[in-house]
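A.B. asks: Which chain is which? The protein sequence lines are A and B, in order.
When we follow the working numbering, the leftmost residue of the first sequence carries the number 73, and every step to the right adds one.
When we follow the working numbering, the leftmost residue of the second sequence carries the number 73, and every step to the right adds one.
Built from N, CA and C at the ideal position, the CB exists for glycine as well.
Sharing a structure here in structure tokens format.
Protein chains: 2
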Amino acid sequence: MHTTEQLQQILDTAIQNLRFPDQPRQLYDPITYIINLGGKRIRPLLVLMATELFGKDAHDAIHAAMAIEVFHNFTLVHDDIMDNAPLRRGKATVHEKWSTNTAILSGDVMMVEANKNLAKVNPIFLKDVLDTFNATAQGVCEGQQLDMEFENRDDVSIEDYINMIRLKTAVLLGGALKLGAIIAGASEKDADLIYQFGENIGIAFQLQDDILDVYADPEKFGKQVGGDIIANKKTFLLLKALSKTDSFVLQNWINRKDFENQEKIQAVTEIYNELGIPDEAEKEMKKYAAIAFENLNEISASPIYKQDLHQLAEQILKRNN
Amino acid sequence: MHTTEQLQQILDTAIQNLRFPDQPRQLYDPITYIINLGGKRIRPLLVLMATELFGKDAHDAIHAAMAIEVFHNFTLVHDDIMDNAPLRRGKATVHEKWSTNTAILSGDVMMVEANKNLAKVNPIFLKDVLDTFNATAQGVCEGQQLDMEFENRDDVSIEDYINMIRLKTAVLLGGALKLGAIIAGASEKDADLIYQFGENIGIAFQLQDDILDVYADPEKFGKQVGGDIIANKKTFLLLKALSKTDSFVLQNWINRKDFENQEKIQAVTEIYNELGIPDEAEKEMKKYAAIAFENLNEISASPIYKQDLHQLAEQILKRNN
Chain A
73 MHTTEQLQQI
83 LDTAIQNLRF
93 PDQPRQLYDP
103 ITYIINLGGK
113 RIRPLLVLMA
123 TELFGKDAHD
133 AIHAAMAIEV
143 FHNFTLVHDD
153 IMDNAPLRRG
163 KATVHEKWST
173 NTAILSGDVM
183 MVEANKNLAK
193 VNPIFLKDVL
203 DTFNATAQGV
213 CEGQQLDMEF
223 ENRDDVSIED
233 YINMIRLKTA
243 VLLGGALKLG
253 AIIAGASEKD
263 ADLIYQFGEN
273 IGIAFQLQDD
283 ILDVYADPEK
293 FGKQVGGDII
303 ANKKTFLLLK
313 ALSKTDSFVL
323 QNWINRKDFE
333 NQEKIQAVTE
343 IYNELGIPDE
353 AEKEMKKYAA
363 IAFENLNEIS
373 ASPIYKQDLH
383 QLAEQILKRN
393 N
Chain B
73 MHTTEQLQQI
83 LDTAIQNLRF
93 PDQPRQLYDP
103 ITYIINLGGK
113 RIRPLLVLMA
123 TELFGKDAHD
133 AIHAAMAIEV
143 FHNFTLVHDD
153 IMDNAPLRRG
163 KATVHEKWST
173 NTAILSGDVM
183 MVEANKNLAK
193 VNPIFLKDVL
203 DTFNATAQGV
213 CEGQQLDMEF
223 ENRDDVSIED
233 YINMIRLKTA
243 VLLGGALKLG
253 AIIAGASEKD
263 ADLIYQFGEN
273 IGIAFQLQDD
283 ILDVYADPEK
293 FGKQVGGDII
303 ANKKTFLLLK
313 ALSKTDSFVL
323 QNWINRKDFE
333 NQEKIQAVTE
343 IYNELGIPDE
353 AEKEMKKYAA
363 IAFENLNEIS
373 ASPIYKQDLH
383 QLAEQILKRN
393 N
């Protein structure tokens, strides 16, 4: 069994060795560009960790891990078009650097590249791997659709929101782990448990992200603190606040078109504080984390081998604050 | 063995039975919309015909046929965004009827749906089926990229053009036939031959399309005759004319921004006629058709069973003129 650091090394090498055709350059250059912007490579790491948890060598799952990483980057390229985002990890997004058409088509061919990597897994597991991957990919698309729709809807419940982040963020963590489990020949029960572990960690992770967006230390936070408040993003915090108060003041801040960013952030944060929203969000986050660790506990594998996954999950949930 | 009409009936039923999730509606409604715009369903028909040519029942290949049809419709949705096309088969394109974001994301999930159908084929053939499908999908993306690039390039050769239409149009016909052959357990040699048959028919088909765009009977042609001339589309005809003459008159028509459509169409058509371009294009088209029928001849299968494919290919090449 490899340490987490060793697995990250295996991943880095595999990512460096990903080869795409030379021509047409406009189609393939953006793939190399986006993949080399970096990131923590959490998703492919989860594939490898699950494979080793169930007693097989990480190298058996390297193609599936690459499929997950390329697919994830594909979603970033297309999401950035839809969200009109100028920057990704501090660099120009693909549609900004090239064009929207290039970003659409390079994204499409990344989806094909992801599937080409997937087709390289041991044929014994191929059908199961495809079914899990396709269900995951479909969930991610549905999550992005819901996220876009929520911007223009006034009837989003907290349940709707949790379901959206489950689809948009969490199923990919669950799917990555399940792929690793399938390739290691884990039982269906264990494969489902590790999927649930990933999904619940993913929901907790996104809730933590919502909290950090308001309460992070600006020095350590990668993006602007309060961005969600400025954009009226319907996060757990805003939805919870709206459900707890018919405060005219909060509604007024949401409706205002002209405002000073810092003033709005401070005012809305104070409303959150008065309503005890940070505690409630923290409680909700910990609820999903606790379910996740329970899922992990139930898996039939040595507790020692589970430690690395437990540790990684803790790290993910504690980052940047 | 089924007749072509029976196979079309099997396809119609299967397409009617395609089921997508209900929610989110904005994500899935466009799929039903685009697929039900109709079309001749040539590509999935080729899958089924190849399967029966090699002695298996069409129903064995129905999921692969659906994968090809859904994939083809996905490319239409994304191509229409990139080409800024308002209409598809006389109806609003998906990005016009909904939005560009919806068209991007619905297209993405159609790619997933295509892969879901593909994953249902007999696991014995799954790896081969995936490799063929992924190579085909990659080729189609490359073809679309080249087609877009050619608009702004002045150095496109006839060879470049043939390669572009091969990728954009022909590999999908070849890929569809090869999938059917694989699922019928055909030899690798026969699977490659039927792929070549499809690719060569596809190139001949596109060349015929270029000819029709200039010389079709306006009464019978589905779109505006002369559309390629108005848009300076670098078809075989224009590239051949440019290679045969340094005519200032032709170059002048290409560069002019203000012109009467009918006047330009008439003038450029006359230049084509003087240079003998229609005959050259017809000769080129027939060259690829002849290679295709030679490929078909070489396949190890009863000549009687090849007749239907031969007939369909003749029909495709003779349409609308």
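Determine, for A/Lys-199, whether the minimum Cβ-Cβ distance to residues of chain B falls below 8 Å.
C.D. replies: Cβ-Cβ to chain B under 8 Å: yes for A/Lys-199.
A.B. asks: Roughly how many angstroms lie between the CA atoms of B/Ile-371 and B/Gly-111, to the nearest whole one?
C.D. replies: Taking the straight line joining both Cα atoms gives about 29 Å.
A.B. asks: Tell me the start and end of each unbroken alpha helix (DSSP H) in the segment 96 to 182 of chain A that is at least 4 residues and wholly inside, in chain order.
C.D. replies: You should have 97 to 107, 114 to 125, 134 to 154 and 166 to 169.
A.B. asks: Once DSSP output is grouped into helix, strand and coil, what is the label at A/Leu-90?
C.D. replies: Three-state DSSP puts A/Leu-90 in coil, outside helix and strand.
A.B. asks: Roughly how many whole angstroms lie between the Cα atoms of B/Ser-345 and B/Glu-335?
C.D. replies: A small fix is needed here, since residue 345 of chain B is Asn in this sequence, not Ser. Going by the C-alpha atoms only, they are around 15 Å apart.
A.B. asks: Note down the Cα distance separating A/Leu-109 from A/Pro-116, rounded to an integer number of angstroms.
C.D. replies: So the alpha carbons of these two residues sit roughly 15 Å apart.
A.B. asks: List, in order along the chain, the chain A residues whose C-beta lies closer than 9 Å to that of B/His-144?
C.D. replies: In chain order: nothing, as chain A lies at least about 13 Å away.
A.B. asks: Can you find a CB in chain B that lies within less than 8 Å of the CB of A/Pro-96?
C.D. replies: A/Pro-96 counts as touching chain B.
A.B. asks: Leaving out five residues on either side along the sequence, give the residues of the same chain with a beta carbon under 6 Å from the beta carbon of B/Val-340.
C.D. replies: Contacts found: Ile-301 and Trp-325.
A.B. asks: Going by DSSP, what residue range makes up the alpha helix (DSSP H) through A/Leu-249?
C.D. replies: Counting along the chain, the alpha helix (DSSP H) containing A/Leu-249 begins and ends at 243 to 255.
A.B. asks: Which whole-angstrom value describes the C-beta separation of B/Lys-177 and A/Met-236, a residue pair presumed to lie in contact below a C-beta threshold of 8 Å?
C.D. replies: For the sequence presented, residue 177 of chain B should be read as Leu rather than Lys. Between A/Met-236 and B/Leu-177 the Cβ distance is about 14 Å, and since that is not below 8 Å, they are no contact.
A.B. asks: My assumption, with CB atoms under 8 Å, is that B/Val-415 sits in contact with A/Cys-213. Please give the rounded CB distance.
C.D. replies: No statement about residue 415 of chain B is possible, as the shown extent of chain B runs from 73 to 393 and does not include it.
A.B. asks: Less than 8 Å separating the beta-carbons of B/Val-228 and B/Lys-306?
C.D. replies: Closer than 8 Å, so yes.
A.B. asks: Within 8 Å (strictly less), CB to CB, does A/Ile-176 reach chain B?
C.D. replies: A/Ile-176 counts as touching chain B.
A.B. asks: Tell me, please, whether the CB atom of A/Ala-385 is closer than 8 Å to any CB atom in chain B?
C.D. replies: No, A/Ala-385 does not count as interfacial toward chain B.
A.B. asks: Count the CB pairs spanning the segment 327 to 334 of chain A and the segment 279 to 294 of chain A that are closer than 8 Å, and state whether there are at least three.
C.D. replies: Flag = no, the segment 327 to 334 of chain A and the segment 279 to 294 of chain A do not touch.
A.B. asks: Just to check, is the beta-carbon of B/Glu-356 closer than 7 Å to a non-hydrogen atom of the ligand NAD?
C.D. replies: No copy of the ligand NAD appears in this structure; indeed no ligand is present at all.
A.B. asks: By Cβ distance below 6 Å, which residues in the same chain neighbour B/Phe-197 in space, the five residues on each side in sequence not counted?
C.D. replies: Around B/Phe-197: Ile-254 and Ile-255.
A.B. asks: What residues in the segment 205 to 228 of chain B have a beta carbon less than 7 Å from any beta carbon of chain A?
C.D. replies: Of all residues in the segment 205 to 228 of chain B, Asn-206, Ala-209, Gln-210, Cys-213, Glu-214, Gln-216, Gln-217, Leu-218, Met-220 and Glu-221 have a Cβ within less than 7 Å of some Cβ in chain A.
A.B. asks: Report all residues from its chain with a CB closer than 6 Å to the CB of A/Gln-323; omit the five preceding and five following residues, and keep chain order.
C.D. replies: Nothing listed; no residue qualifies.
A.B. asks: Give the range of the alpha helix (DSSP H) segment to which B/Pro-350 is assigned.
C.D. replies: Where B/Pro-350 is concerned, the enclosing alpha helix (DSSP H) stretches over 349 to 370.
A.B. asks: Below 7 Å CB to CB, which residues in the same chain sit around B/Arg-91 once its five sequence neighbours on both sides are set aside?
C.D. replies: Same-chain partners within the cutoff: there are none.
A.B. asks: What does the alpha-carbon distance come out to for the pair A/Asn-187 and A/Tyr-105?
C.D. replies: Roughly 19 Å separates the two Cα atoms.
A.B. asks: Under DSSP, the alpha helix (DSSP H) around B/Glu-214 begins and ends at which residues?
C.D. replies: Note, B/Glu-214: alpha helix (DSSP H), 195 to 222.
A.B. asks: Pick out whichever of A/Ile-388, A/Ala-373 and A/Leu-389 has its Cα sitting closest to the Cα of A/Glu-124.
C.D. replies: Ranking A/Ile-388, A/Ala-373 and A/Leu-389 by Cα distance to A/Glu-124 puts A/Ala-373 first.
A.B. asks: How about A/Asn-272 and A/Ala-122: do their beta carbons lie closer than 8 Å?
C.D. replies: Contact flag unset, no.
A.B. asks: Check distances from the C-beta atoms of the segment 167 to 192 of chain A to those of chain B and list, in chain order, the residues that come in under 7 Å.
C.D. replies: Those residues of the segment 167 to 192 of chain A that come within reach of chain B (Cβ to Cβ, closer than 7 Å) are Asn-173, Ile-176, Leu-177, Asp-180, Val-181, Met-183, Val-184, Asn-187, Lys-188 and Ala-191.
A.B. asks: Is the distance from the Cβ of A/Leu-218 to the Cβ of A/Leu-245 below 8 Å?
C.D. replies: Taking 8 Å as the Cβ cut-off, A/Leu-218 and A/Leu-245 do not qualify as a contacting pair.
A.B. asks: Residues of chain B with CB under 8 Å from A/Pro-158, in chain order?
C.D. replies: Near A/Pro-158 there are no residues of chain B at all, since even the closest Cβ is about 16 Å away, more than 8 Å.
A.B. asks: Is it buried or exposed, B/Asn-333, if we count other Cβ atoms within 10 angstroms and call 16 or more buried?
C.D. replies: Exposed: under 16 other Cβ atoms inside 10 Å.
A.B. asks: Could you confirm whether any beta carbon from chain B is found closer than 8 Å to the beta carbon of A/Pro-397?
C.D. replies: Outside the displayed range of chain A (73 to 393) lies residue 397 of chain A, so it cannot be described from this structure.
A.B. asks: Counting pairs of Cβ atoms below 8 Å between the segment 191 to 205 of chain B and the segment 133 to 144 of chain B, do you hit three or more?
C.D. replies: Contact holds: three or more Cβ-Cβ distances are below 8 Å.
A.B. asks: Between the C-alpha atoms of A/Gly-179 and B/Arg-161, what's the straight-line distance to the nearest angstrom?
C.D. replies: In a straight line, the C-alpha of A/Gly-179 is about 26 Å away from that of B/Arg-161.
A.B. asks: State the DSSP-derived secondary structure class of B/Asn-187, mapped to helix, strand or coil.
C.D. replies: Here B/Asn-187 sits in helix by DSSP.
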